[in-house]
Structure formats: structure tokens, C-alpha cells
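**Student:**
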Amino acid sequence: MGAFAQFSFGGGNDQDPVTWKYEVKKISDTEYDLIFNGIIEPKWHIYSLKNPDGGALPTKITFENEDKNFELIGDAIETGTQKAFNEIFGVDEIFFENKALITQRIKLLNPETKHIQGNLFYQACIDVCINHENDFIFSLDGSKAQIVYKEVDERSKDMAQNLILPLKNAELLHQGENSSKSASNNWGIFILGFLGGFIALLTPCVFPMIPLTVSFFTKQSKDRKKGIFNAILYGFFIFLIYILLSLPFHFLDSLDPEILNTISTNIWLNVIFFVIFVFFAFSFFGYYEITLPASWSTKMDNASNIGGIIGIFFMALTLAIVSFSCTGPILGSLLAGSLSAEGGAMQLTAGMAGFGLSLALPFAIFALFPNLLNSLPRSGGWMTTTKVFLGFLELAFAFKFLSNADLVGHWGILKREIFIGIWFILFLFLALYLFGFIRFPHDGPKQPIYKLSKTRLGLGTLSGVFSIYLLLGLFGQNSLRFLSGFPPPTFYSIVNTNEDSHQTIFKDFDEGIAYAKKHNKPVMLDFTGWACVNCRKMEEHVWTDSEVKKLMEKYVLISLYIDDREELPKEKQFDFKLPSGRVKPIKTVGDKWATFQSVNFETASQPYYVLITPDLEVLSVPQQYVSTEVYKNWLSESLQKFKNNF
């Protein structure tokens, strides 16, 4: 076993949700493991060193090694990462929650080297994102060391000075805080699972089993109480079986927390889901039947003859197997949706619990009140209609999975307009089917529209209205807020959705301020990021409000992207000496604006909105991720203040 040395630096303050400990493990006389161990506050997360371009900013470790005293052996090893597909930005984001463990092995080239020092950069996110930089030093001999920083040249000093603003009324920057809480989705997934199970009950594979099974238990038992007990036990076992199906995913999750999201967000797995769901859909349309091997149901059926509690369990298992052709596609939707959401196996269990409970309840209820069996509608053509209805839903979900793959792969096949157009056609065809204009192989004799059931006509009307809603969204007449998260994001579009905006927008601070001085207009500083989820939410849901739009047009908007990786021209690159003494190279547009925000506004979160005058006086308390009403009042009051005083 190698020797350990441990030191704590950085983190743990009021503004930093991550506390870091730096450990050294000696492997040999020349090789050491440098271990970065971060404890992350609940609900926060930071990103992997390997987080892909287009997502949030990756963690970055920079070693000071100008004298070539050591070399890195391979890439840093990360333990405990998770992966989730970000639908807004179309990438698989890799991140840490609760704990981050990063290990970098080094080999000494100069045996006299006693200290390894550098900088750790990371972006911590909850409902806002905050950038942090911590200096670190590893003592290879266990002693304490001082960091000696290099000096910057006069050119860099001059350029750095231009980055610092002489703000007036700056005390407003430190008043008020915005905080939001992330709510668990487990109950939402449970409800979706329950609704999925209810839909499965209406299919030809499950519905006829309710009266048959309940009658079997009540008639074959020696007394009514025993029959009721067996039927309720049967329902409980159905519920239990679907929960048990989720347990292997907990095992996988405990072995590798990243595996579930890795599986669900893989490009080709999403393509496979697309193919499978299309296959399921055409089965629902009646072109072929999907069944599990007959030997499976035969074995389970034979086992159900054992009797007692074990026999009832196998009866429940037999139902689960023989009904697979109807429940499988619905269960598949639940499986795929749960695994691709944050929460992984736990959310999958919640969904499975809802699905199993919905399937099990009728057997318990009708056992307690057998007279209710007489009120059940008879099996018939409505079940075929239900299957076709599900088939169209399966096709809609199929294109959602294809859209995921398209976003991750940057293929540009299913842009927002194309995706919405496909959904419009699907729901239009569903409406035409429900009204009797389109037919499938298992449909009975054609009926005139006035003889169709009210339920079928109602669903057809809803589907038609929904298709019109999609059509309006396709032509930009509404923002499809009801479908938020399903279509590709608005920026993943064929057309420019902001063509009608009269907003004056700059992406350079000096240019924007010069324009504001010339036209005597107040300025809105918008610290944002290409990979900022809440920035997009604000832009799509708050900035699009008509009153907010009108107010914003009174301002000069300067949008500064802190994660823009475009390199600055060589003559505009410089070194910036931070208050800690560390020198930060300013090489990219994002480096410049991230440092600009941190130095002048003492924050690194996005979105972050500041209203100032052209003479750099702060008009009001900055805002972050807020409601439309709060944002509107903030803009209006600050505008009035500017008009009255400036």
C-alpha cells in the first residue's frame, strides 16, 4: 500500500456548493496519484472533464509545469459520474452529484520536485450555474508549501484594467437573492405509470381477464372471504411483479451510477427505440401480432396449478406474460422515459409501481364488490380502436427517440419544424381514423359517422384540435408551451424564430455601451451561455411575453456568452491576475466575459441580468431565473427610474 497525504483547499464557503479535499497517494518513488475529492451539496451538480462541446462547461484541471518537472500518465480517471441527455442543447451531459472523485497519475521527471500546483475550474449548477476556480497544491513530501505566481506583462495589465468597470451604485448588486428548489419527479412518474397501466387495462389482452379471473377466485374458493383474499393477493402479486422488474436496474445503478443514463442517451439506442416503437405501432395497427414464446406462458400456467400462495403468484406472472403484446409497448415507453430522466432506477421503480397498481386495482375492487362486474362493458370493437389509438401514440413517441438521436448526433434531420410537421400528420391521421375515414386490418364493418360512439367522436375531435394546435406552432402562431420538452428546442430550427424582434442586441460590451451613449438608452447586461438551460427557458417563456418584449425594446441588450469557446484574436489575448494572485489566461470569448462577470459583479451564475445606465450606474437589483411578472415589473420600474433621473 502506498503512503497517503491529504490537504484541504478551497470550496466550502457560502457561495461554493462544493468542498474539495486534495490527497496524494504514493505509487512508487517516481509515480503519484493526485486525488481531487469533492463533496457536493444536495441538488447541486458539477460537470465532468469530458463533458461534450455544446453542453455545460466541463471541469478543467490546469497544472503549472513550465519547468517540465513531471508528466501526466494518461487521462484523469473519474468515479461516480452520471449521464443525462439535455433535450434543449441536444448533448449527453456528464456530471457529478453528491460526490466527485477525480484521480490523475503523474510521473516525476525531476526527483527534487516536492510540490505540484495548479488550478481547478468547475461549473456548479442547480437552477442557476456558478463558475468556480480553486488553486491547489499537492505536497509530495507531506509538508506545507506556498504558491509563487508569475507576474504579468504591462500589456496584459493594461488590457485587464479595461475589463474592470467603475460601477456606480454598486451596492445594489449585493441586495436580494434568487433561489429555486428542484422538486422530485417520482410522483409525476408514478402518475404517468398509473395512467399507462389504466390504458393497458383497456386492451384486448387484459380487459377480458378481469371478470374471468375474479369469477374464478370467488367461485372456486371454499368461502367468499377466501375468494376475496385470493383475488386481492393476486392483484398484489401483479403490483409486486412490475416492481421486481425494476430491481435489476437498481443493481446496475449501484455498480455504476452512469450506466442507466449511458444506456438511455446513447445515439444508437435511441435509434433502436425508434425502430422498436415503430414495430410495436404496426402491431397495434393489426398487421401482425407480437407474443412472447408460447413455452414461457405454458410453464407459468403449469406452475399456477401448484395451489396456494405460490400458485397465485404464478397466475399473476402468467397474466404479465400473456398480456405482453399489449402492455409491452406501454411498458417500453415507461422504461425508456424513466431511464432517460434524472433519477434513473428510482424513477423507474416509481413508474413501474404506478403501472402495476393500476393493473392490480380492478382485481381487488371487483373481488370486494362482484356485482360491479355486471357494469363492465363487453369486449368488442372499442378495444380494436384502443389498440389503433395506442399505435399512433407509439409512432409519436418513436419520433421523439429519433429526435433525441438526431440532436445528440447533430445530424440536422429532425429540425423543430420537421418534427412538429410529422406529429401534425400523425394526429391528423388519428383524427381521420377515429372519424372512420381511415381503416386498419382488424377493424369491423365500416359505420357512418353518426353511428360512432360519443367517446370515439370526442377523442377524434381532441386529436383534430391538437393537430391544429401543432399546425399553428409549425407556422409560429404559438410557442407550443404545452409540449415543452417534446419538440426539439427553438434554436434547433430551419428558420430564424427571432426575425420579428426589434430588439437591439450586442455581443460585445464596449460596442453596446457606445450605442447606448449615442442613443441615450439604458442597458441590459445578459450574462448567458450557449449551454445554459435556464437561459433558454427565460428567453422562450419570459422574453416572448408581449409586454416584456415591448419593455426590453427600450433597452440596449448586451448578451455576453461566458461559455463561448471561440478564440480571441492573438492581439486581444492576455493574462489576467486574479485577486488570489493566480494568473488566468484570457484566450477565448468565454474566458473574457466569465472573468468580466466575476470581477465586476462578484458572481458567476447564469442567467444573470443587470440593468445599468450608459454611464455605468446600476439601476436596480440584478435578476436571475424569475417569473414573467417579476421580470416585467423589474424592467418597468428600472426604465421609469432611468427616465426620471437620467
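In terms of this note's numbering, the sequence shown opens at residue -16 and continues consecutively. Backbone N, C-alpha and C fix where the C-beta goes; we use that ideal spot for every residue, glycine too.
Measure the alpha-carbon distance for Glu14 versus Glu377 and round it to whole angstroms.
**Tutor:** Taking the first residue of the sequence shown as 1, we reach residue 14 at position 31. Taking the first residue of the sequence shown as 1, we reach residue 377 at position 394. C-alpha separation (whole angstroms): 55 Å.
**Student:** On the criterion of 16 or more Cβ atoms from any shown chain inside 10 Å, does Tyr538 qualify as buried, or is it exposed?
**Tutor:** If you number the sequence shown from 1, residue 538 lands on position 555. Buried, because 16 or more other Cβ atoms sit within 10 Å of the Cβ of Tyr538.
**Student:** Near Phe220, which residues of its chain fall below 7 Å by C-beta distance, leaving aside the five closest residues on each side in sequence?
**Tutor:** As a first step, residue 220 is located in the sequence shown; it is residue number 237 there, counting from the start. Result list for Phe220: Ile295, Phe296, Ala299, in chain order.
**Student:** With a threshold of 16 other CB atoms inside 10 Å of the CB of Gln330, please say whether the residue is buried or exposed.
**Tutor:** Position 347 of the sequence shown, counting from 1, holds the residue named residue 330. It counts as buried.
**Student:** Within this structure, are the beta carbons of Ile22 and Val1 separated by less than 8 Å?
**Tutor:** Sequence index remark: in the sequence shown, residue 22 carries index 39 (1-based). Sequence index remark: in the sequence shown, residue 1 carries index 18 (1-based). Going by C-beta atoms, Ile22 is nearer than 8 Å to Val1.
**Student:** Using the C-alpha atoms, what's the distance from Asn628 back to Val613?
**Tutor:** Taking the first residue of the sequence shown as 1, we reach residue 613 at position 630. Taking the first residue of the sequence shown as 1, we reach residue 628 at position 645. Going by the C-alpha atoms only, they are around 23 Å apart.
**Student:** On a Cα-Cα basis, can you pick out the residue from Phe79, Leu123, Leu453, Leu344 that is closest to Gln100?
**Tutor:** Here residue 100 refers to the residue found at position 117 when the sequence shown is read from its first residue. Considering only alpha carbons, the answer is Leu123.
**Student:** According to the Cβ coordinates, are Lys398 and Ser450 closer than 8 Å?
**Tutor:** Taking the first residue of the sequence shown as 1, we reach residue 398 at position 415. Taking the first residue of the sequence shown as 1, we reach residue 450 at position 467. Not closer than 8 Å, so no.
**Student:** Skipping 5 residues on each side, what residues in its chain have a beta carbon closer than 7 Å to that of Leu409?
**Tutor:** Indexing the sequence shown from 1 puts residue 409 at position 426. Taken in chain order, the residues that qualify are Phe375, Leu378, Ala379.
**Student:** Would you mind stating whether Phe579 and Pro505 have Cβ atoms separated by less than 8 Å?
**Tutor:** The residue you call residue 579 lines up with position 596 of the sequence shown. The residue you call residue 505 lines up with position 522 of the sequence shown. No, they are not a contact pair.
**Student:** Apply the 10 Å Cβ neighbour rule to Arg422 and answer buried if 16 or more other Cβ atoms are within range, or exposed otherwise.
**Tutor:** Here residue 422 refers to the residue found at position 439 when the sequence shown is read from its first residue. By the Cβ neighbour-count rule, Arg422 is exposed, with fewer than 16 other Cβ atoms within 10 Å of its own.
**Student:** Alpha carbon to alpha carbon, how far is Ser484 from Lys151?
**Tutor:** Mapped onto the sequence shown, residue 484 falls at position 501. Mapped onto the sequence shown, residue 151 falls at position 168. Confidence in Ser484 is poor, its pLDDT being 48 and thus under 50, which makes the residue's placement too unreliable to answer from.
**Student:** According to the neighbour-count rule (16 or more other Cβ atoms, all chains shown, within 10 Å of its Cβ), is Arg439 buried or exposed?
**Tutor:** Within the sequence shown, numbered from 1, the residue matching residue 439 stands at position 456. So Arg439 counts as buried.
**Student:** On the CB-based measure, 16 or more other CB atoms within 10 Å of its CB, does Gly622 come out buried or exposed?
**Tutor:** Taking the sequence shown and counting its residues from 1, the one referred to as residue 622 is at position 639. Sequence inspection shows Leu at residue 622; the Gly mentioned does not correspond to that position. So Leu622 ends up on the buried side.
**Student:** For the beta strand (DSSP E) containing His524, name the first residue and the last one.
**Tutor:** Residue numbering aside, residue 524 sits at position 541 when the sequence shown is read from its first letter. That residue, His524, is in no beta strand (DSSP E); it is neither H nor E in DSSP.
**Student:** Alpha carbons only, please: which of Gly495, Lys500, Lys615, Ser446 is nearest the one belonging to Thr527?
**Tutor:** To locate residue 527, count along the sequence shown from 1; it is residue 544. Measuring from the Cα of Thr527, the nearest candidate turns out to be Lys615.
**Student:** Please classify Leu540: does DSSP put it in a helix, a strand, or coil?
**Tutor:** Sequence index remark: in the sequence shown, residue 540 carries index 557 (1-based). Correct three-state label for Leu540: strand.
**Student:** Would DSSP call His425 helix, strand or coil?
**Tutor:** On the sequence shown, residue 425 is found 442 positions in, with the first residue counted as 1. Coil.
**Student:** With respect to the alpha helix (DSSP H) encompassing Glu400, which residues constitute its N-terminal and C-terminal limits?
**Tutor:** As a first step, residue 400 must be located in the sequence shown, where it is residue number 417. Looking at the DSSP string, the run of the alpha helix (DSSP H) that includes Glu400 is 399 to 417.
**Student:** For the candidate residues Leu551, Thr64, Thr473, whose alpha-carbon lies nearest to that of Lys520?
**Tutor:** One-based indexing of the sequence shown puts residue 520 at position 537. That would be Thr473, whose Cα lies nearest to the Cα of Lys520.
**Student:** Measuring alpha carbon to alpha carbon, tell me which residue in Leu216, Phe222, Ala143, Tyr217 is nearest Gly180.
**Tutor:** Translated into the one-based positions of the sequence shown, residue 180 becomes position 197. Nearest C-alpha to Gly180: Phe222.
**Student:** Based on DSSP bridge pairs, tell me the residues matched to Gly630.
**Tutor:** This structure gives no information on residue 630, because the portion of the chain shown stretches from -16 to 629.
**Student:** Report the option in Ser619, Glu620, Phe584 whose CA atom is closest to the CA atom of Leu148.
**Tutor:** By one-based count along the sequence shown, residue 148 stands at place 165. Of the listed residues, the one whose Cα sits closest to Leu148 is Phe584.
**Student:** Would you identify the three-state DSSP class for Phe420, choosing helix, strand or coil?
**Tutor:** For the purposes of this step, residue 420 is identified with residue 437 of the sequence shown, where counting begins at 1. Correct three-state label for Phe420: coil.
**Student:** Would you please state the rounded distance, in angstroms, between the beta carbons of Asn253 and Phe384? I believe it to be under 8 Å.
**Tutor:** Looking up residue 253 in the sequence shown gives position 270. Looking up residue 384 in the sequence shown gives position 401. With a Cβ gap of about 5 Å, Asn253 and Phe384 count as contacting.
**Student:** Within a Cβ cutoff of 8 Å, which residues of the same chain sit near Phe257, ignoring the five residues on either side of it in sequence?
**Tutor:** Along the sequence shown, read from residue 1 onward, the residue named residue 257 stands at position 274. Only Ala381, Phe382, Phe384, Leu385, Ala388 meet the Cβ criterion.
**Student:** So Ile109 and Thr86 are in contact, right, with Cβ under 8 Å, and what is the actual spacing, rounded?
**Tutor:** For the purposes of this step, residue 109 is taken as the residue at position 126 of the sequence shown. For the purposes of this step, residue 86 is taken as the residue at position 103 of the sequence shown. About 26 Å separates the CB atoms of Ile109 and Thr86; that is not less than 8 Å, and the two are not in contact.
**Student:** DSSP three-state label for Ile488, please.
**Tutor:** Walking along the sequence shown from the start, residue 488 turns up at place 505. Reduced to three states, the DSSP call for Ile488 is strand.
**Student:** Quick one: Cα of Asp16 to Cα of His115, how far?
**Tutor:** Within the sequence shown, residue 16 is the residue found at index 33, counting from 1. Within the sequence shown, residue 115 is the residue found at index 132, counting from 1. Each residue's alpha carbon lies about 23 Å from the other.
**Student:** Report the option in Asn102, Phe559, Asp598, Gly37 whose CA atom is closest to the CA atom of Phe121.
**Tutor:** As a position in the sequence shown, residue 121 is number 138, starting the count at 1. Among Asn102, Phe559, Asp598, Gly37, the Cα nearest to that of Phe121 is on Asn102.
**Student:** What separation, rounded to the nearest whole angstrom, lies between the Cα atoms of Gly176 and Ala333?
**Tutor:** Locating residue 176 in the sequence shown gives position 193, where the first residue counts as 1. Locating residue 333 in the sequence shown gives position 350, where the first residue counts as 1. Taking the straight line joining both Cα atoms gives about 8 Å.
**Student:** So the alpha helix (DSSP H) Ala577 belongs to, where does it begin and stop?
**Tutor:** For the purposes of this step, residue 577 is identified with residue 594 of the sequence shown, where counting begins at 1. It spans 572 to 584 - the alpha helix (DSSP H) in which Ala577 sits, taken as one unbroken run.
**Student:** Confirm, please, whether the CB-CB distance from Asn517 to Pro590 is below 8 Å.
**Tutor:** The residue given as residue 590 occupies position 607 in the sequence shown. The residue given as residue 517 occupies position 534 in the sequence shown. Contact: yes.
**Student:** Determine the direct distance from the alpha carbon of Phe412 to that of Leu630, and round the result to whole angstroms.
**Tutor:** This structure leaves residue 630 out entirely; the chain is present only between -16 and 629.
**Student:** Locate the alpha helix (DSSP H) running through Tyr614, then write down its first and last residues.
**Tutor:** The residue given as residue 614 occupies position 631 in the sequence shown. Element bounds for Tyr614: 611 to 628.
**Student:** Out of curiosity, what's the CA-to-CA distance linking Ala343 and Asn34?
**Tutor:** Residue 343 sits at position 360 when you count from the first residue of the sequence shown. Residue 34 sits at position 51 when you count from the first residue of the sequence shown. Each residue's CA atom was taken as its position, placing Ala343 and Asn34 some 43 Å apart.
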